[in-house]
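Below: the structure, in structure tokens.
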Amino acid sequence: MESVVKDPFQHLPEVPDLRGQITIDEFRPVHSGPYSCIYRGMYEKDGKTLVVAVKILNKIRGQALEPMLKKLKHERRTWGALNHPNILLLYGFVDDEDFFQAGALISPEMATKR
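Using my numbering, the letters of the sequence shown correspond one by one to residues 1 to 114.
The following block contains the structure:
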């Protein structure tokens with residue numbers, strides 16, 4: 001009997017939900033592309049304030065929200081499982097529809113040239 005895997009990413013670890021711990025400085029992206037925008041934010045962790053990058057997927061006209069949510073879940077589970085010095089740590093995600101329509105991924109902010 002064949003088993004059907006409903007969630008192909010179920011073997012990957014979940015990453016923390018940081019709802020209520022993230023604020024965005026201003027809603028002007030530091031970087032943007034066709035699929036996502038990166039905002040500068042603050043993460044309240046253990047009494048300290050960390051500067052973070054907040055990656056929010058762009059809603060593409062005509063695209064349903066459900067495929068975006070599935071893609072974001074896949075990315076966060078995959079990224080959260082990676083451990084390499086050349087890959088940024090994923091602190092967690094925010095899955096709050098009032099704050100981010102499709103959710104956001106939270107990582108350390110990288111120094112950028114402006």
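Glycine included, each C-beta is placed from N, C-alpha and C at the ideal position.
Cα separation between residue i and residue j?
| i | j | result |
| --- | --- | --- |
| Y122 | C37 | There is no way to answer for residue 122, as the model of the chain reaches only from 1 to 114. |
| G20 | I56 | 16 Å |
| V51 | I106 | 10 Å |
| H31 | V54 | 10 Å |
| L18 | G80 | 14 Å |
| A102 | R61 | 14 Å |
| L82 | Q63 | 29 Å |
| E115 | L88 | What the structure shows of the chain is the stretch from 1 to 114, and residue 115 is not part of that stretch, so it cannot be assessed. |
| K59 | E66 | 11 Å |
| D46 | P108 | 16 Å |
| P29 | Y39 | 5 Å |
State the start and end residues of the unbroken beta strand (DSSP E) segment that holds residue i.
| i | result |
| --- | --- |
| I92 | It should be pointed out that residue 92 corresponds to Gly in this sequence rather than to Ile. Segment G92 to V94, the beta strand (DSSP E) holding G92. |
| A104 | A104 to P108 |
| G41 | S36 to K45 |
Is DSSP giving residue i helix, strand or coil here?
| i | result |
| --- | --- |
| G80 | helix |
| K59 | coil |
| L18 | coil |
| E26 | coil |
| L50 | strand |
May I ask whether a heavy atom of the ligand NAP can be found less than 7 Å away from the beta carbon of residue i?
| i | result |
| --- | --- |
| L18 | Inclusion of the ligand NAP in the displayed structure is not the case, the ligand content being empty and no account of it being possible. |
Can you tell me whether residue i is buried or exposed, with buried defined as 16 or more other CB within 10 angstroms of its CB?
| i | result |
| --- | --- |
| R77 | buried |
| F27 | exposed |
| G33 | exposed |
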